[in-house]
Structures are given as structure tokens and as C-alpha cells.
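Inspection log for the structure reproduced underneath, given as C-alpha cells.
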Amino acid sequence: MDIQAYIILSLILFTIGVTGVLIRRNAIIVFMCIELMLNSVNLLLVAFSKMHAASAAVKASPTYASDAQVFVFFIMVVAAAEVTVGLSIIVLLFRNTRSVDINFLNRLKY
1 MDIQAYIILS LILFTIGVTG VLIRRNAIIV FMCIELMLNS VNLLLVAFSK
51 MHAASAAVKA SPTYASDAQV FVFFIMVVAA AEVTVGLSII VLLFRNTRSV
101 DINFLNRLKY
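Spelled out as C-alpha cells, the structure:
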């Protein structure tokens, strides 16, 4: 598969995520759109890593090609921790307010 296909797919996924964050008011959907944006960036990072490894296979060591993929693995671990904390905050918000509407959060200031 060509690198342009990965770029286009990642751009589409990132655009869907940004649109969801800007348009939707449900906290869970906004949270899922943020995760979609993170995964689109991870896809692009792995695609560029594979492209760079294929073009520099002669002069690079075998471990050099997987450095970006290890970095993506750590990003996914941090994203999993973010999901845990974010969903627990959303559950606590729902317990207190009986709503997951983002506009309702402005009322919690006072």
C-alpha cells in the first residue's frame, strides 16, 4: 500500500475527530473523537516509520526501523491510562449531575 493512502486515511480520521469535538455536546462522544484523533496520528507515525525503514534499509540497523513503532506503543499505553481517568471523570460527572452534556459543566463553577 502506498504512503498516500495512509496519509489520506489518517487525514479523514483526524477530520472526523475534530468535527466530532467541535460539533457534539456529549462528553463521551467528544472523548471518543479525541481518541480517534490520537489513533490517526499513531497510524501516520507508523506509516512514515515503515516508509523510512524501507527507503533506508541498507544503511540502517534492524532496530532503527522499529523505533517509531515502540514510540507508538508508549503513546497507546498513555492513551489507555487517559481513557481510564477520563471515563472515571465522566462517570462521576454523571453521578452528580445526571447529564453528560458539556454545556452543563459551566454550571459547576459556582
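Residue numbers (my numbering): 1 to 110. Using N, Cα and C, we set each Cβ at its ideal position, and we do this for glycine too.
In the three-state reduction of the DSSP assignment, Asp67 falls in the helix class. Take the alpha-carbon of Phe94 and the one of Ala81: they are about 20 Å apart. Considering only Val77, Phe31, Ile7 and Gln4, the residue with the shortest C-alpha distance to Ser88 is Phe31. By the 16-neighbour rule on beta-carbons within 10 angstroms, Phe14 is buried. Counting the other CB atoms within 10 Å of its CB gives Ala47 a total of 16 or more, which places it among the buried residues.
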